[in-house]
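A quick write-up on the structure given underneath.
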Ligand SMILES: CC(C)(COP(=O)(O)OP(=O)(O)OC[C@H]1O[C@@H](n2cnc3c(N)ncnc32)[C@H](O)[C@@H]1OP(=O)(O)O)[C@@H](O)C(=O)NCCC(=O)NCCS
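In the working numbering, the protein residues as written are 1 to 149.
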């Protein structure tokens with residue numbers, strides 16, 4: 001589980017305490033940082049969801065690649081949630097952790113946090129996903145993950 005503090009909306013009614021700031025997960029690995037540019041926008045001026053998904057697929061592959069030790073492919077996006085829009089120039093940090101190693105597949109969780117380029121250190125969780133990758137042989141067929149045969 002990620003080490004989040006409660007969002008501001010969970011503060012008790014009437015509370016005068018400052019809203020707790022979102023903390024980055026301590027049990028996940030930073031696997032990618034990237035800044036979207038104007039060319040990555042949709043017609044609304046927000047960042048195109050397909051661009052975010054492509055970055056997610058790249059980020060999600062980092063940990064499985066260690067275990068697959070060779071060719072692999074994405075077989076499934078098990079779930080994908082766009083929680084908040086991403087803006088041009090946001091710094092996106094992709095955090096990932098291993099969820100499951102099967103016979104030929106490896107499943108990871110990925111969470112994406114955005115911070116403003118000019119106001120760094122305050123994070124918003126914008127996206128999360130679960131992805132499964134499969135180790136492949138040279139013919140593109142599933143092969144056992146090393147040590148899991
Ligand atoms: C990846 C591929 C070789 C798997 O072939 P397949 O016939 O589905 O293979 P299997 O049924 O033996 O499944 C292989 C593994 O994937 C898992 N898997 C298959 N479909 C899945 C799904 N929809 N969701 C989650 N896991 C799935 C299986 O559970 C199995 O894992 P395990 O061995 O750890 O139990 C084939 O689906 C393929 O080539 N897909 C295209 C990949 C691709 O182009 N990706 C996008 C670009 S990277």
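The beta carbon of each residue, even a glycine, is placed where N, CA and C say it ideally should be.
{"Asked": "Which residues does DSSP pair with residue 124 in a beta bridge?", "Found": "114"}
{"Asked": "Using DSSP's beta-bridge definition, name the partner residues of residue 48.", "Found": "Answer by DSSP bridge pairing: none, since residue 48 is not bridged."}
{"Asked": "How would you label residue 146, buried or exposed, when you count the other beta carbons within 10 angstroms and need 16 or more for buried?", "Found": "exposed"}
{"Asked": "Could you name the residues of the same chain whose beta carbon sits closer than 6 Å to that of residue 105, not counting the 5 residues immediately before and after it, in chain order?", "Found": "132 and 134"}
{"Asked": "Just the Cα atoms here: how many angstroms apart are residue 137 and residue 121?", "Found": "43 Å"}
{"Asked": "In chain order, what are the residues with a CB under 7 Å from some non-hydrogen atom of ligand 1?", "Found": "73, 74, 75, 76, 78, 102, 103, 104, 105, 132, 134, 136, 140, 141 and 142"}
{"Asked": "Beta-carbon within less than 7 Å of residue 86's beta-carbon, same chain only, minus the 5 sequence neighbours each way: which residues are those?", "Found": "36, 46, 47, 52, 92, 114 and 126"}
{"Asked": "Given a cut-off of 8 Å, decide if residue 139 and residue 128 are closer than it, judged by their beta-carbon atoms.", "Found": "no"}
{"Asked": "What does the Cβ neighbour count give for residue 73, buried or exposed, with the cut at 16 atoms within 10 Å?", "Found": "exposed"}
{"Asked": "Can you give, in chain order, each stretch of the alpha helix (DSSP H) that sits fully within the stretch 48–103 and has at least 4 residues?", "Found": "49–68"}
{"Asked": "Hey, how far is the Cα of residue 38 from the Cα of residue 54?", "Found": "16 Å"}
{"Asked": "Just verifying my parser: in three-state terms, what is the DSSP assignment at residue 38?", "Found": "helix"}
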